[in-house]
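One point on numbering: in the working numbering, the residue at position 3 of the sequence shown is 5, and numbering is uninterrupted. Glycine is no exception: its CB is placed at the ideal position from the N, C-alpha and C atoms. Here the structure comes first, spelled out in structure tokens, and everything after it is commentary.
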Amino acid sequence: MLMWGTKTATMKEKTDVWQGTLALMVLKTLEVLGPRHGYGIAKRIEQTSGHLLAINQGTLYPVLLKLEQEGSIASQWGVSENNRRAKFYRITKAGKKELAADERGWQRANEILARFLSVRGEEP
Numbered sequence: 003m004l005m006w007g008t009k010t011a012t013m014k015e016k017t018d019v020w021q022g023t024l025a026l027m028v029l030k031t032l033e034v035l036g037p038r039h040g041y042g043i044a045k046r047i048e049q050t051s052g053h054l055l056a057i058n059q060g061t062l063y064p065v066l067l068k069l070e071q072e073g074s075i076a077s078q079w080g081v082s083e084n085n086r087r088a089k090f091y092r093i094t095k096a097g098k099k100e101l102a103a104d105e106r107g108w109q110r111a112n113e114i115l116a117r118f119l120s121v122r123g124e125e126p
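Quick look at the structure:
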């Protein structure tokens, strides 16, 4: 299984983010919450996961760059809540289409995996 790296913090064991899922999490976060800077996106993903994921900058920023180059997100400079200059990202129309397609794909994958995980022995 291919994984993205994450950091492990506290006594609670963190889970690696599956490759390809971080972009989906970023797009969904921006769709739900609106424009956010990178740190805010990472913190929201961690919160949504119940703190089972820890997203580091070395993992997040290449994904943000890729999504921006693909046109799924756009960015502009602004001021963060602690009065620091920060790049804020927002989902684009193309990003919303990509998110919808990715959500359908992951739903389908979950349905297929659920069939295999529910197998309990020889079935006729």
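> What three-state label does DSSP hand A56 in the structure shown?
Replying inline: coil
> Since S120 sits in a beta bridge, which residues does DSSP pair it with?
Replying inline: DSSP lists no partner for S120.
> Just to confirm, are Y91 and R38 a CB contact at a threshold of 8 Å?
Replying inline: yes
>> For Q78 and K89, I'd like the C-alpha separation in whole angstroms.
In response: 6 Å
> Should E70 be flagged as near chain C, meaning a C-beta pair shorter than 8 Å?
Replying inline: The structure shown has no chain C; it contains just one protein chain.
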